[in-house]
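Numbering (my numbering), first residue to last: 34 to 315.
A virtual CB, placed ideally from N, CA and C, is assigned to each residue, including glycine.
Small disclaimer: the values here were computed from a predicted structure and weren't measured.
A short worksheet on the structure shown next.
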Ligand SMILES: [Zn+2]
């Protein structure tokens, strides 16, 4: 029987990561997210798989029909914040407003509760976790152990458990990172999925699972879009991060989804959606 993994999508546009193009001008850029999301949905349906979509609130407000369709197909809708700003760069009040706005927008669109959150660029903080719980979230999936990326948070350098209770009724599901010598190499997806050859990536997933860990995969629509406009002002490093391996990533994703039984986080951990005393609608 195929091994189970969690499949997650950070649903955002090619221009919404905030590095080069500011939110005030997002409306001026070509939206490309829809056709890629439909391709992902088709692939998941073909393999009887489910996913969690961490949706950027700005996109949900522009394309509510898309979010409703994803939800109607049985996938989980979770939050990727509203404006894609790095959590550690925000005041507590701004962060609270951002996640509240994103949660309420998504809940209005799908008519159901949203309990999961992933921080833009995994930029979570300890105080951010407190505020998530206060705002009615039940889990966060924003930690990449180690310090491998200049934007990633340094919240936890090493975790004993990839899935753990942070506090009463609040859980963290971290992204996988393989220990090789003294370094921890991120192994969750995104640019790393495009970078590593598929067989190596698959080997890493199996190693992670064989050590008793839950595996979480993530991908962005732009990781699967070879024709996206190139951002000229990107540094060389950012160009490699964003554009390497775009030609083969769809084929690799097909291999992954055919090989592993992909589930949403809600399906993998159903108890998370059964927690009571949440603040929906308040
Ligand atoms: Zn993002």
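Its Cα nearest to that of residue 299, the residue 40 stands out among 34, 40 and 36. Looking at the DSSP output, residue 44 shares a beta bridge with 88. At the C-beta level, residue 147 and residue 110 come within 8 Å of one another.
Beta-bridge partners assigned by DSSP to residue 39: 249 and 296. Here the C-alpha atom of residue 127 lies approximately 16 Å from the C-alpha atom of residue 150. Distances from the CB of residue 141 to the heavy atoms of ligand 1 are all 7 Å or more. For secondary structure counted as the alpha helix (DSSP H) over 4 or more consecutive residues, the region 102-148 holds these complete runs in sequence order: 125-143.
The shortest CA-to-CA distance from residue 208 to any of 189, 178 and 232 is the one to 178. A Cβ-Cβ contact shorter than 8 Å links residue 256 with residue 227. Residue environment for residue 75: exposed (fewer than 16 other C-beta atoms within 10 angstroms of its C-beta).
In the assembly as shown, residue 219 is a buried residue. Its beta-carbon has 16 or more other beta-carbons within 10 Å. The alpha carbon of residue 64 has as its nearest neighbour, out of 254, 113 and 86, the alpha carbon of 254.
Residue 222 has 251 as its beta-bridge partners, per DSSP. DSSP places residue 286 within a helical segment (H, G or I) once states are collapsed to three. Distance from the C-beta of residue 153 to the nearest heavy atom of ligand 1 is below 7 Å. The alpha carbon of residue 196 has as its nearest neighbour, out of 241, 282, 247 and 78, the alpha carbon of 247. Beta bridge pairing from DSSP links residue 173 with 150 and 205. For residue 173, the distance from the CB to the nearest heavy atom of ligand 1 is not below 7 Å.
The beta-bridge partner set that DSSP reports for residue 211 consists of 218. Spanning the alpha carbons of residue 71 and residue 105 requires a straight line of approximately 13 Å. Here residue 200 is bridged, per DSSP, to 203. DSSP places residue 166 in the uninterrupted alpha helix (DSSP H) bounded by 159-167. When distances are taken from the beta-carbon of residue 258 to the heavy atoms of ligand 1, even the shortest one reaches 7 Å or more.
Note that the C-beta distance between residue 242 and residue 222 is not below 8 Å. A direct Cα-Cα distance of roughly 6 Å separates residue 83 from residue 295.
Nearest to residue 58 by C-alpha distance, out of 69, 91, 240 and 80, is 91. Between residue 194 and residue 158, the alpha-carbon positions lie close to 18 Å from each other.
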